[in-house]
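The listed protein sequences derive, respectively, from chains Z and X.
For the first sequence, position 85 (counting from the first letter as 1) is numbered 85 according to our numbering, and the numbering increases by one without interruption.
Each position in the second sequence, counted from 1, maps to that position plus 1000 in our numbering.
Idealized CB from N, CA, C, for every residue including glycine.
None of these values were measured; they are calculated from a predicted model.
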Amino acid sequence: GQQLNQSPQSMFIQEGEDVSMNCTSSSIFNTWLWYKQDPGEGPVLLIALYKAGELTSNGRLTAQFGITRKDSFLNISASIPSDVGIYFCVQGGSEKLVFGKGMKLTVNP
Amino acid sequence: ETGVTQTPRHLVMGMTNKKSLKCEQHLGHNAMYWYKQSAKKPLELMFVYNFKEQTENNSVPSRFSPECPNSSHLFLHLHTLQPEDSALYLCASSQESTVNQPQHFGDGTRLSIL
Chain Z
1 GQQLNQSPQS
11 MFIQEGEDVS
21 MNCTSSSIFN
31 TWLWYKQDPG
41 EGPVLLIALY
51 KAGELTSNGR
61 LTAQFGITRK
71 DSFLNISASI
81 PSDVGIYFCV
91 QGGSEKLVFG
101 KGMKLTVNP
Chain X
1001 ETGVTQTPRH
1011 LVMGMTNKKS
1021 LKCEQHLGHN
1031 AMYWYKQSAK
1041 KPLELMFVYN
1051 FKEQTENNSV
1061 PSRFSPECPN
1071 SSHLFLHLHT
1081 LQPEDSALYL
1091 CASSQESTVN
1101 QPQHFGDGTR
1111 LSIL
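Listed below in structure tokens is the structure:
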């Protein structure tokens, strides 16, 4: 079955630093989504990617749909304390979305 | 505010109780979903409803019973639950339950089974 590997599983950074995370898949699908989940809340969509090679930005966030269609990365520039949370990569293209295990980000002021 | 509201936010129940989780979306979407989120595990899709019809049951035990009376409301009826059912239950909606449709999530119900 389809498997998503999200790495790293957690990161501790200082405020102002950039951070990068990525996901790889065992399968090729048509959609990559990146979500963020704050403590006590549901996941919120950050960026949606629909084409191989697509590079999309949302403020300080940038995500890319890998050329091979089996991977995607998310970069956060100039991190701030409110960036803390769990970041999920999600792959779609079949009947249902498949979620990665998440990357827990801690930002030290 | 994501447009998807879940109640209650927290629920503690015994294994013999019967309770229901409620989800309401104000986004005009036609598909709704139930997910289970347990610690250190990926989100697990439980049920999918598209235009009020159940289109996916991801091998969920019968002690979980979904109900979708209309495209805006989704319920999850619970009875005779087990301790391992303690988790965050998330509701989501999307325009339709087809590919390439981002889902919008509620804030979840934190369920604890005693």
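For residue j and residue i, the rounded distance between their alpha carbons
i: residue 1074(X); j: residue 1023(X); result: 5 Å
i: residue 103(Z); j: residue 87(Z); result: 5 Å
i: residue 1065(X); j: residue 1111(X); result: 15 Å
i: residue 64(Z); j: residue 1020(X); result: 40 Å
i: residue 1070(X); j: residue 1054(X); result: 12 Å
i: residue 36(Z); j: residue 1080(X); result: 33 Å
i: residue 1057(X); j: residue 1047(X); result: 5 Å
i: residue 1043(X); j: residue 16(Z); result: 30 Å
i: residue 1107(X); j: residue 67(Z); result: 34 Å
7 Å Cβ cut-off: residues of chain Z touching residue i
i: residue 1090(X); result: 42
Neighbouring residues, chain X, relative to residue i (Cβ below 9 Å)
i: residue 33(Z); result: 1102, 1103
Contacts of residue i in chain Z (Cβ-Cβ under 8 Å)
i: residue 1108(X); result: 41, 42
Listed by chain order, chain Z residues near residue i by CB distance under 9 Å
i: residue 1007(X); result: The contacting residues do not exist; residue 1007(X) stays about 13 Å from chain Z at best.
Closer than 7 Å at the beta carbon, the chain X residues around residue i
i: residue 99(Z); result: 1042, 1043
Exercise for the section: Closer than 7 Å, Cβ to Cβ, to anything on chain X: give me those residues from the stretch 69-82 of chain Z, in chain order. Expected result: none
Practice task
Output, in sequence order along the chain, the residues in the stretch 1040-1060 of chain X whose CB is closer than 9 Å to any CB in chain Z.
Solution key: 1040, 1041, 1042, 1043, 1044, 1045, 1048, 1055, 1056, 1058
Problem - Residues from the stretch 43-63 of chain Z in contact with chain X, defined by Cβ distance under 7 Å - result: 43, 44, 45, 48, 50
Exercise for the section: Let me know the beta strand (DSSP E) ranges lying completely inside the stretch 70-95 of chain Z, each 3 residues or longer, listed in chain order. Expected result: 71-76, 85-92
Handout entry: Whole beta strand (DSSP E) elements within the stretch 1012-1088 of chain X, 3-residue minimum
Key = 1018-1025, 1031-1037, 1044-1050, 1053-1057, 1064-1070, 1073-1079
Handout entry: Segment contact, 8 Å Cβ cut-off, at least three pairs: the stretch 1027-1035 of chain X with the stretch 1007-1014 of chain X
Key = no
Practice task
Check whether the stretch 23-32 of chain Z touches the stretch 1077-1093 of chain X, counting contact only when three or more Cβ pairs, one atom from each stretch, lie closer than 8 Å.
Solution key: no
Problem - Completely contained alpha helix (DSSP H) runs for the stretch 3-81 of chain Z, where each covers 4 or more residues - result: Whole alpha helix (DSSP H) segments, 4+ residues: zero.
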